[in-house]
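Asker: This is the structure I want to talk about, given as structure tokens.
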Amino acid sequence: MRASPLFAFAAPLVSAIQLLEPFANSLVAKGQMHNITWTSVDTDPQAFSIFLVNFVDYPPFYTKVAANVPTCAGQFEVIVPCEVNSSYGFQFNAINGNNVYDIYAQTAKFYVEGSCESVSGCLTK
């Protein structure tokens, strides 16, 4: 008995983590909290790391912004580091631990902008 060719098209629709936010071409501000949302299925890993990456600019950039994120949570807030260049082409990647080459999912590309100027409320003597 032959498997139906329709099964080949249906398989990707029901598998793996899918990062939903931030949306394509959205603006993400440095130094602020941003919500990342995703969907998952029961065969996905229990946890993953989130990396902020940009492989559009040279040199390529990546940095971990969260670790051991529970897959079942469906959302997580991260802070975009202030030292990141303002540019287009950034993505959040769901990664297996620290292995940036083992990517479970990626968001669409977005912009990172802002100055991250903050005023500390602490005075030292």
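Numbering (mature numbering (1 follows the signal peptide of the UniProt record, and there is no 0)), first residue to last: -16 to -1, 1 to 109. Note that CB positions come from ideal geometry on N, CA and C, so glycine has one too.
Residues bridged to Pro43 by DSSP?
Answerer: Stepping through the sequence shown from its first residue, residue 43 is reached at position 59. The partner list for Pro43 (beta bridge, DSSP) is empty, contrary to what the question assumes.
Asker: When you compare the CB positions of Phe39 and Ile79, do they come within less than 7 Å of one another, or not?
Answerer: For the purposes of this step, residue 39 is taken as the residue at position 55 of the sequence shown. For the purposes of this step, residue 79 is taken as the residue at position 95 of the sequence shown. Cβ atoms of Phe39 and Ile79: not closer than 7 Å.
Asker: How would you label Tyr88, buried or exposed, when you count the other beta carbons within 10 angstroms and need 16 or more for buried?
Answerer: Position 104 of the sequence shown, counted from the first residue, corresponds to residue 88. Looking at its Cβ environment, which holds 16 or more other Cβ atoms inside 10 Å, Tyr88 is buried.
Asker: Sort Asn83, Thr47 and Gln59 by Cα distance to Ile1 and report the nearest one.
Answerer: For the purposes of this step, residue 1 is taken as the residue at position 17 of the sequence shown. The residue with the shortest Cα to Cα distance from Ile1 is Gln59.
Asker: Please work out which residues of its chain come closer than 8 Å, Cβ to Cβ, to Met17, disregarding the five sequence neighbours upstream and downstream, and give them in chain order.
Answerer: Sequence index remark: in the sequence shown, residue 17 carries index 33 (1-based). Closer than 8 Å at the Cβ level, and outside the excluded window around Met17, lie Glu61, Val62 and Ile63.
Asker: Using 7 Å as the threshold, is the C-beta distance between residue 123 and Thr27 below it?
Answerer: With the chain covering only -16 through 109, there is no way to say anything about residue 123.
Asker: Does DSSP classify Ala78 as helix, strand or coil?
Answerer: Stepping through the sequence shown from its first residue, residue 78 is reached at position 94. Correct three-state label for Ala78: strand.
Asker: Please classify Asn77 as buried or exposed, where buried requires at least 16 neighbouring CB atoms within 10 angstroms.
Answerer: The sequence position of residue 77 within the sequence shown is 93, counting from 1. Buried, because 16 or more other Cβ atoms sit within 10 Å of the Cβ of Asn77.
Asker: Check this for me: beta carbons of Thr55 and Gln30, under 7 Å apart or not?
Answerer: Counting from one through the sequence shown, the residue named residue 55 turns up at place 71. Counting from one through the sequence shown, the residue named residue 30 turns up at place 46. The answer is yes: Cβ separation under 7 Å.
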